[in-house]
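Q: First the structure, then my questions, so here it is.
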Amino acid sequence: MIKQMTRLFTIFGAATLLLSACASQQGAVSASSMRKSATGKWTLNSVTFEGLPATARVTTVFSNIPYKCLEGSEWNLPSNSYGSFTTTSSAEGCSPYTQNIVWSTLNQGGVIMLQFKELLDGVKAKNISDGYRVELTAADNSGMIWRAPIAAEGQTAYVVYSFTRK
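So for the sequence shown, numbering that gives the first Met the number 0 puts the first residue at 0; every next one is plus one.
Structure (C-alpha cells):
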C-alpha cells in the first residue's frame, strides 16, 4: 500500500511539475510568433520620439534617411524574409525610392527584436554585416509598433515607428 501511494505521489508530482512548466510558457511571446504577426504589408503612418530632451534633434534614421521621408512608406515583410520598403514622400529633401531588405526576428535578452539589412545589387545577404535592430513591441491584424533606442544628450530616448496593416 505504501509503495502504491509513493508511486501515486511521484506520478502526481511529475504531472504537476509538467503542467506548471507548460502553463508558464503559455503566456510567453516568442520571436517566431511575433514574426508571424509582423509578416505582411504595412504602411508606416508616423515616426515619433519618446523621452527625447527638448533641446535634442533627430533628423535622420536608418541609412541617414530623413525620418519625415519614411512617413507614408510601404513595407513588405513576406514570410520568405526577402522584403522591401518604398518611400513615397515628396516633401522637401525626400526622393521616392524602393530598398530591398532581408528581415528576421530574434529574442535578445527577453526583448523581441526585428532586424533588417538593406540588400545591395549583386551582394548576397550573408555577405552584408551592417543592418538595423528595433524592438518589435506590438504586431497584430491591424497595427505594428517598433521602438529604436537612441542616445540623446547622455540619456536613452526612443524613435517610435507606428504602422497599419494594408
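Built from N, CA and C at the ideal position, the CB exists for glycine as well.
Give me whichever residues DSSP pairs with lysine 40 in a beta bridge.
A: Beta-bridge pairing links lysine 40 to Asn75.
Q: Count Cβ pairs between the stretch 39-47 and the stretch 71-81 that sit closer than 8 Å; are there 3 or more?
A: Touching, yes.
Q: For threonine 59, tell me which candidate among Pro52, Ser80 and Phe48 has the shortest Cα-Cα distance.
A: Measuring from the Cα of threonine 59, the nearest candidate turns out to be Phe48.
Q: Would isoleucine 100 and serine 83 qualify as a contact pair, given that the criterion is a beta-carbon distance under 8 Å?
A: Cβ distance < 8 Å, so isoleucine 100 and serine 83 count as in contact.
Q: Can you grab the Cα-Cα spacing for the pair threonine 155 / glycine 92, in whole Å?
A: Whole-angstrom Cα-Cα distance: 27 Å.
Q: Using only the alpha-carbon positions, how far apart do glutamate 134 and alanine 147 sit?
A: Computed Cα separation, rounded: 6 Å.
Q: With H, G and I counted as helix, E and B as strand and the rest as coil, what does DSSP make of alanine 30?
A: It is helical.
Q: Sorted by chain position, which residues of the same chain lie with C-beta nearer than 6 Å to glutamine 24's C-beta, five sequence neighbours on each side aside?
A: With a pLDDT of 45 at glutamine 24, under the threshold of 50, the modelled position of that residue is not reliable, and no figure is offered here.
Q: Could you check what DSSP says for alanine 124 in three-state terms: helix, strand or coil?
A: Three-state DSSP puts alanine 124 in a helix.
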